[in-house]
Structure formats: structure tokens, C-alpha cells
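Participant: Numbering (our numbering), first residue to last: 60 to 577. Where a beta carbon is used, it is the ideal one built from N, C-alpha and C, also for glycine.
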Amino acid sequence: MECEMEVVQVMLSGKAKRSGLNAVLTPVSKSRPTGRDCVMRAASYRWCEFTSELPGILPPRNYSMLAWRDHLRTITQHNLHTLRHAPLSELSGALGDLGTLLPLMIAMTLTNTIDLPTTLVFSGLTNILTGVVYGIPLPVQPMKAIASVAISQAFTRSETMAAGLTMGTAVLVLSATGLLGWLNRVVPVPVVKGIQVGAGFALVINAGSNLLLPLQWVSPGWDNRIWAIGAFLALAIASLMPRMPYALVVFCIGILIAGIAVASSPYHGDFHAGIWRPSVHVPEGHAWWTGAIDAALPQLPLTTLNSILAVTSLSASLFPNYPPTPSTTSIGFSVAIANLIGCWFGAMPVCHGSGGLAGQYRFGARSGSSVIILGTFKLLLGLFVGEAIVPLLQRFPKSLLGVMVLAAGVELAKVGQSVSQSQDLWQRAENDYGNERSLDDLKKDQEQEEKNRWLVMLVTVAGCLAFKNDAIGFIAGLTWHWSLQLPRLIERLRGGRSIRLQDDPEPGSGNGLLGRGS
60 MECEMEVVQV
70 MLSGKAKRSG
80 LNAVLTPVSK
90 SRPTGRDCVM
100 RAASYRWCEF
110 TSELPGILPP
120 RNYSMLAWRD
130 HLRTITQHNL
140 HTLRHAPLSE
150 LSGALGDLGT
160 LLPLMIAMTL
170 TNTIDLPTTL
180 VFSGLTNILT
190 GVVYGIPLPV
200 QPMKAIASVA
210 ISQAFTRSET
220 MAAGLTMGTA
230 VLVLSATGLL
240 GWLNRVVPVP
250 VVKGIQVGAG
260 FALVINAGSN
270 LLLPLQWVSP
280 GWDNRIWAIG
290 AFLALAIASL
300 MPRMPYALVV
310 FCIGILIAGI
320 AVASSPYHGD
330 FHAGIWRPSV
340 HVPEGHAWWT
350 GAIDAALPQL
360 PLTTLNSILA
370 VTSLSASLFP
380 NYPPTPSTTS
390 IGFSVAIANL
400 IGCWFGAMPV
410 CHGSGGLAGQ
420 YRFGARSGSS
430 VIILGTFKLL
440 LGLFVGEAIV
450 PLLQRFPKSL
460 LGVMVLAAGV
470 ELAKVGQSVS
480 QSQDLWQRAE
490 NDYGNERSLD
500 DLKKDQEQEE
510 KNRWLVMLVT
520 VAGCLAFKND
530 AIGFIAGLTW
540 HWSLQLPRLI
550 ERLRGGRSIR
560 LQDDPEPGSG
570 NGLLGRGS
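1. Just grab the DSSP bridge partners of Q200 for me.
2. Buried or exposed for L552, please, with buried defined as at least 16 other CB atoms from any protein chain shown within 10 angstroms of its CB.
3. Let's see if you can read the secondary structure: which residues bound the alpha helix (DSSP H) around P450?
4. Check whether the Cβ atoms of S182 and F392 sit closer than 7 Å, and answer yes or no.
5. Going by beta carbon distance, what residues of the same chain come within less than 7 Å of A320, once the five residues before and after it are set aside?
6. If I follow the unbroken alpha helix (DSSP H) through N398, where does it start and stop?
7. In the DSSP assignment, find the alpha helix (DSSP H) that holds E35 and state where it starts and stops.
8. In whole angstroms, what is the alpha-carbon distance linking F533 and G152?
9. Looking only at its chain, what residues have a beta carbon closer than 6 Å to the beta carbon of G253, apart from the 5 residues adjacent to it on each side?
10. Do A395 and A221 come within 7 Å of each other at the CB atom, strictly closer than that value?
11. Going by C-alpha distance, which of L197, M164, E149 and T363 is nearest N528?
12. Measuring alpha carbon to alpha carbon, tell me which of L161, V370 and S426 ends up nearest P382.
13. If L359 and A229 are in contact, beta carbons under 8 Å, what's the gap, nearest whole angstrom?
14. Check whether the Cβ atoms of L274 and N283 sit closer than 7 Å, and answer yes or no.
15. Enumerated in chain order, which unbroken segments of the alpha helix (DSSP H) with a length of 4 residues or greater are wholly contained in the stretch 274 to 351?
16. For G350 and P456, what's the separation of their Cα atoms in angstroms?
17. Please classify K502: is it buried, with 16 or more other beta-carbons within 10 angstroms of its beta-carbon, or exposed?
18. Classify N265 as helix, strand or coil using the three-state DSSP reduction.
19. Give the secondary structure of G155 by DSSP, where H, G and I count as helix, E and B as strand, and everything else as coil.
20. CA-CA distance, P176 and L157?
21. Suppose you measure from the CA of S366 to the CA of S413; what does that come to, to the nearest Å?
22. Does the beta-carbon of E149 have 16 or more other beta-carbons within 10 angstroms, so that it is buried, or is it exposed?
23. Between the beta-carbon of L147 and the beta-carbon of S428, is there less than 7 Å?
24. Under three-state DSSP, which class holds A145?
25. For the candidate residues H140, V192, A126 and L239, whose alpha-carbon lies nearest to that of T388?
26. In its own chain, which residues sit with a C-beta less than 8 Å from the C-beta of Y420, not counting the 5 before and 5 after it?
27. Could you give the distance in angstroms between the alpha-carbon of A297 and the alpha-carbon of M303?
28. Output needed for N138: all residues of its chain with C-beta closer than 8 Å, excluding positions within five of it in sequence on either side, in chain order.
29. Report the option in S123, A206, L169 and H144 whose CA atom is closest to the CA atom of C410.
30. Go to S461, then tell me how far its alpha helix (DSSP H) extends in each direction, as first and last residue.
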């Protein structure tokens with residue numbers, strides 16, 4: 060049967076444009092598909108959104124496989140190109156989240172609530188896979204609420220694993236049922252921005268109170284406030300030199316100082332190097348109840364809001380053109396799978412986080428290659444070094460860590476400046492255009508809307524910081540948002556009712572909007 064080559068030009072949506080698709084070249088039979096279809100693509104695209112644009116051209120299963128393969132190939136090309144263009148920046152950015160990772164991971168290791176080699180192996184694998192799939196520096200960091208409860212209440216390892224498995228199951232259900240996508244659509248932009256800004260300020264407060272404030276001015280000689288001031292001044296200078304790998308330099312200095320401190324200390328603790336030997340940890344009995352109620356329950360809103368919704372929003376802000384913004388559902392599946400696999404072996408419960416993403420971006424990461432490098436390093440440490448690295452990490456200067464966390468917090472809080480530049484504001488203005496409203500009225504409404512957005516964001520931030528709980532900040536911001544929208548809703552209801560009660564205008568009267576064009 061003869062075939063002809065048909066070029067299908069595609070009208071690109073905003074998201075499809077970012078993915079780089081230009082045309083699809085497909086051999087199509089004159090009468091019906093031959094089953095020997097070929098596809099040529101210029102670049103990657105999000106197949107789950109684009110397949111609806113080309114119904115009937117390819118069998119869905121084959122098309123999805125081809126699209127997924129092309130997506131991975133172009134993401135890999137993007138990662139390699141970025142790494143070749145700025146290797147030091149990617150390496151420096153890979154270390155941008157250490158200020159969040161190291162303190163909690165070390166504390167949980169010392170309290171025997173997690174297995175460090177297993178944590179390094181599975182978190183490293185998660186780093187590598189997210190870098191390959193998403194092409195952005197998506198962090199893998201501890202679940203902070205679970206970590207805090209596990210440390211403060213001296214959890215057993217079974218209780219910590221039960222908390223992580225419970226969280227993995229809950230996020231899996233939310234992702235599979237589409238509830239995460241629904242939340243992403245209905246939660247107002249200022250509330251999401253408020254969660255991000257609140258998380259940024261929380262990082263700054265944590266850096267000051269837990270890392271920098273306890274330091275002395277001049278002692279010990281390798282970790283004091285003088286070091287912190289020097290690191291801060293170096294950060295200020297580095298901000299004027301974008302290509303300077305600040306985090307890489309600080310990390311190397313910190314490791315050197317920690318190595319000298321370990322070498323001069325007679326006691327290194329009961330930590331030994333060795334090949335990783337995985338073992339299964341199955342929580343039993345009361346461990347499930349304790350882990351789920353005491354740790355997983357307070358972690359759920361934090362993960363949903365800051366690790367999923369805020370991450371997708373921040374990635375869209377930091378990478379508006381390419382790579383494609385990951386969906387909330389895919390991020391949810393990523394978090395769920397990481398915990399439902401790793402926690403059976405004693406790994407630390409992990410998630411993604413907007414603070415870590417902001418930190419890695421702040422220190423130079425612009426692609427998935429940064430987290431692939433970090434993941435490979437963690438994987439090798441977990442497989443061959445294990446707990447022998449704990450004494451070195453324990454002595455890493457808190458002055459240097461604190462300044463890195465401070466910078467990450469400020470970078471995350473900066474996203475609040477775009478709260479009045481979101482797309483839905485302009486869509487609302489377009490909808491109002493021409494509806495018997497003057498430009499002055501539209502301008503006044505837009506100015507009032509911008510003020511309302513700032514107010515909602517600040518109320519959300521206040522709730523997060525005052526109660527140290529993202530869920531309370533979320534509820535406060537959402538309540539304030541709807542209270543401000545209530546007058547507009549009442550006005551629309553009244554306006555719609557008055558329009559229905561009006562008589563139709565007489566033909567040719569020339570006073571109505573419909574008569575202006577005649």
C-alpha cells in the first residue's frame with residue numbers, strides 16, 4: 060500500500076513552546092494507518108500534555124514510549140551542555156543544600172533513628188534519577204517534621220521508618236487520585252508564594268538561632284563568629300561575581316578544617332568504613348501508630364505545600380523557558396516512590412523542597428547535572444565509606460553552614476517579589492476589557508488586587524512563622540484571601556441578576572455594546 064509523507068504543523072501552546080516542539084513528520088496511508096509510522100521531533104516535549112494535540116496519528120502506547128525516550132534524550136543533552144558550559148557553577152550548586160541536609164542527617168544518625176549508609180545510597184539514587192528525568196536541580200532533603208520529632212522524642216528506627224512509609228503511602232494516594240493537581244489549581248498564587256517566603260524566612264531564622272548564635276567570637280579557632288563574618292563578606296563579594304563557585308570554595312574549606320579537627324582529636328567515635336550491607340526494617344505493632352500519628356501527621360501538610368506545590372511554582376519561576384516545569388502529580392510520585400522503597404531498608408524519610416531548590420540555584424545550579432553529581436558522590440560514600448564519614452561531618456564548621464543556609468533562605472524569600480506579576484492577574488484584566496468598564500476602573504481594580512495579594516501573602520507568612528507550622532499559615536492565608544474576594548463575589552452575583560432582569564435593547568437604538576459596531 061502506498062504511503063505519502065504528511066507534515067503536521069502544530070499550533071503550540073505556551074507549555075508546548077517551552078518544550079521546543081516544532082513539527083511532526085509522519086507517514087500516513089491514504090486510506091488508513093499502516094502501522095509503520097515514524098516520528099521526527101526537533102526537541103523534547105511533555106508527552107502527557109501533547110498527545111491530545113495529535114489524535115489518531117500514532118498508537119497511544121507507541122507514541123508515549125517514543126515521546127518519553129525523546130524527553131530523556133533531550134534532558135540529557137541539556138544537562139551535558141550546561142555542565143560543559145559551566146562545570147564549576149554546577150558543582151558549586153550541587154552543594155547548595157548541604158546546610159539543610161547535614162545537620163538533620165547527622166543528628167538522626169547519632170540517635171540511631173536512621174541507617175546512614177542506606178540513607179546515602181537511596182538519597183543518592185533519588186538525586187540521580189530526578190536529575191535525569193526533570194533536568195533541574197531538584198533537591199532531596201530530610202522530611203523536617205519527621206526528623207525533628209524523631210530526634211526530640213528519641214524514636215526507634217522502626218518508628219522512623221513507619222513515619223516515612225506512612226508519608227509515602229499518603230502522598231501516593233494524593234498523586235494517584237489527582238488531588239495534588241486539584242490543589243495546584245485551586246490554591247491561590249499569593250498563598251503558595253506565602254508558603255515559599257515563610258519557608259525562606261524560617262531558614263534564615265534557623266541559620267541564626269541554631270547555627271550562628273551559639274558560636275563564640277574567637278573560640279574555638281576553627282569555628283567562630285569571625286569565620287561567619289568572613290564567610291558572609293565572601294558571599295557579598297561572590298554575589299557581584301556570578302561565576303564564582305562560592306559553595307564549592309566554602310565546602311572545600313570546611314572539609315579541610317573538619318579534617319584537621321578530626322586528625323587532632325584522639326576520639327573519633329564508634330564509626331567504621333565498610334561495604335554497604337542492606338538489611339530490611341519492618342515496623343511492627345505500636346511503631347506504626349507512633350510513627351503515623353506523632354511524626355507523619357504533622358509532616359503531611361509540610362510536604363504537600365512546601366515540597367510539592369511550592370516546588371512546582373518555584374521551578375516555573377526559576378526556569379520559565381526550559382526544562383519543562385514538572386507537574387505536581389509527578390513530584391508527588393517521586394516523593395512517594397523514594398520513601399516507599401528506601402524506608403524499608405532504614406533510609407531517612409526524604410522529600411523535595413523549595414528551600415533546597417532555591418539554595419542550589421543560588422549557588423550556580425542550572426540543570427539536573429548538579430544533583431546527578433551530588434547523587435553519585437553520595438552513592439559512592441554510602442557504598443564504600445558509610446558511617447566512617449560521620450566524625451568529619453560532625454566537625455564541619457557551623458559558621459560556614461549557617462551562612463550557606465542564610466543565603467538559601469534569602470534566595471527562596473525573593474520569590475515573593477513576583478506575587479503581583481502572576482499570569483492570572485493579566486487574564487483577569489483581559490476578561491474585564493470591553494465590559495463597559497473604563498481603563499481607570501481597570502487600573503484601580505488592578506492596584507487593589509496587587510495590594511490584596513501582598514496582604515494575603517504576608518498573612519500566610521505570619522501564620523507560618525508565628526506557629527512554626529505551614530498548615531496554619533496555609534489556612535490563615537486562604538481564609539484572608541476568600542474574605543477579600545467576598546465583596547467581588549457579591550457584586551458579580553448582583554450584577555448577573557440585574558442583567559437578567561433588564562429588557563433586551565431595541566434594534567437600532569445604538570446605546571448598547573452590541574450596537575456600537577453597526
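Facilitator: Looking at the coordinates:
1. C410
2. exposed
3. V449 to Q453
4. no
5. W281 and R454
6. T387 to G401
7. Nothing about residue 35 can be reported from this structure: the residues present for the chain run from 60 to 577 only.
8. 30 Å
9. M516, T519, V520 and G536
10. no
11. T363
12. S426
13. 6 Å
14. yes
15. 284 to 298, 305 to 322 and 345 to 349
16. 32 Å
17. exposed
18. helix
19. coil
20. 17 Å
21. 6 Å
22. buried
23. no
24. coil
25. L239
26. G152, G155, P196, L377 and E470
27. 6 Å
28. G190, V191, G194, S426, G427, S428 and I431
29. A206
30. Sequence inspection shows Gly at residue 461; the Ser mentioned does not correspond to that position. Start and end: K457 to A472.
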